[in-house]
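Chemist: According to this note's numbering, the sequence shown holds residues 1 to 130 in order.
By construction, the Cβ of each residue, glycine as well, lies at the ideal position given by its N, Cα and C atoms.
Keep in mind that this is a model prediction, so the values were computed, not measured.
Before anything else, here's the structure in question.
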Amino acid sequence: WYHPVHDHRRRVSEPSPWSTGPAGRCPRCGQGRLFDGFLRVASRCTSCGLDLSAQDSGDGPAAFVVLIVGFIVVGAALIVEVKYEWPVWLHLLVWLPLTVILCLAFLRPLKGLMIALQYRYRRHEFDAGG
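Quick look at the structure:
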């Protein structure tokens, strides 16, 4: 009985999803680009030829981004409010742009990580083309 997830010999030669995913690299070879655009997944790895066309991370990365950025921004805004009592306009001026910047900064690496983890633990879907 062979299942790629349980084949530890094959895992040793593959790069870690924790390094390839956030870097936007192919989960199999670690060389090719995972994305064609900002968030659009490439159809195929240019280095090893892995078919990426049917792979999607769904809403998982967006949910994690909302939780992470929400924790950071709301926590920081509460601390600033308690310590310095900023007016509302200053809170909006600082925290709204920071929220947008952090969301954009976290979304692509988390989407890449999610796809790389799917490749590592659900490889049969990659091999089947979706």
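Answer yes or no: do residue 42 and residue 51 have a C-beta to C-beta separation smaller than 7 Å?
Modeler: The Cβ atoms of residue 42 and residue 51 lie no closer than 7 Å to each other.
Chemist: Going by CA-CA distance only, name the one from 14, 49 and 24 that's closest to residue 112.
Modeler: 24
Chemist: Please classify residue 123: does DSSP put it in a helix, a strand, or coil?
Modeler: helix
Chemist: Indicate the three-state DSSP secondary structure (helix, strand or coil) for residue 9 in the structure shown.
Modeler: With a pLDDT of only 48 at residue 9, under 50, the local geometry of the prediction cannot be trusted, and the value read off the model is given with reservation. Residue state, collapsed to three classes: helix.
Chemist: Just checking residue 80 against the ligand PLP - is the residue's beta carbon closer than 6 Å to any of the ligand's heavy atoms?
Modeler: As presented, the structure is devoid of all ligands, the ligand PLP included, so that no description of it is given.
Chemist: In the DSSP assignment, what are the bridge partners of residue 35?
Modeler: 41
Chemist: Use the C-beta contact count for residue 79: other C-beta atoms within 10 angstroms, 16 or more gives buried, fewer gives exposed.
Modeler: exposed
Chemist: I need the straight-line Cα distance from residue 124 to residue 55, nearest angstrom please.
Modeler: Distance between the alpha carbons of residue 124 and residue 55 is about 12 Å.
Chemist: Within the 7 Å Cβ cut-off, does residue 19 reach chain B?
Modeler: This model lacks chain B altogether; it includes just one protein chain.
Chemist: Using the Cα positions of residue 103 and residue 48, report the straight-line distance between them to the nearest angstrom.
Modeler: 31 Å
Chemist: What is the rounded straight-line gap between the Cα of residue 91 and the Cα of residue 106?
Modeler: 22 Å
Chemist: Got a sec? Which residues, its chain only, sit under 7 Å from residue 66 by beta carbon, not counting five neighbours each side?
Modeler: none
Chemist: Who are the Cβ neighbours of residue 115 in its own chain at under 6 Å, not counting the five residues just before and after it?
Modeler: 55 and 57
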